[in-house]
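Engineer:
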Amino acid sequence: MDAASAVAAGVDIPASEVADSVANLVGKSLVSTDVGGAIVYYRLLETTRAYAREKLIGGAEFDHFAQRHAEYLRDLFEHAEAS
Numbered sequence: 001m002d003a004a005s006a007v008a009a010g011v012d013i014p015a016s017e018v019a020d021s022v023a024n025l026v027g028k029s030l031v032s033t034d035v036g037g038a039i040v041y042y043r044l045l046e047t048t049r050a051y052a053r054e055k056l057i058g059g060a061e062f063d064h065f066a067q068r069h070a071e072y073l074r075d076l077f078e079h080a081e082a083s
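Residue numbers are given in my numbering: position 5 of the sequence shown equals residue 5, and the series is strictly consecutive.
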């Protein structure tokens, strides 16, 4: 959920609404969940992933969200390395 908030939150969707949006997608069976102990993993179905990617590329937003995703992962790895 932290990754989804870091990448998806912005002008169109506030960070406070990301969890509700993900829960809505889970409820519609567009996102699946796996529970591993106290951790919940979210996975896009392959058809959902392909559709979302197509929409991002078609809307010229792909680079923006790819950059935000890369920055989130960079920060995550830097934090892990410092620990």
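Glycine is no exception: its CB is placed at the ideal position from the N, C-alpha and C atoms.
Go through its chain and collect everything with a Cβ distance to A6's Cβ below 6 angstroms, but skip five positions before and after it.
Structural biologist: Position 6 of the sequence shown holds residue 6. If we look at A6 and ignore the five residues flanking it on each side, its Cβ neighbours are Y72.
Engineer: Consult DSSP for I39 and reduce its assignment to one of helix, strand or coil.
Structural biologist: The residue labelled residue 39 in the question sits at position 39 within the sequence shown. Looking at I39 - three-state DSSP - the assignment turns out to be strand.
Engineer: Please list, in chain order, all residues of the same chain as L30 whose beta carbon is under 8 angstroms from its beta carbon, the five residues on each side excluded.
Structural biologist: By one-based count along the sequence shown, residue 30 stands at place 30. Cβ within range, chain order: L44, L45 and T48.
Engineer: Taking Cβ positions, are A3 and V18 nearer each other than 7 angstroms?
Structural biologist: Within the sequence shown, residue 3 is the residue found at index 3, counting from 1. Within the sequence shown, residue 18 is the residue found at index 18, counting from 1. For A3 and V18, no; Cβs fall outside 7 angstroms.
Engineer: The alpha helix (DSSP H) spanning K84 covers which residue range?
Structural biologist: One cannot answer for residue 84 here, as it falls past the ends of the chain, which runs 1 to 83.
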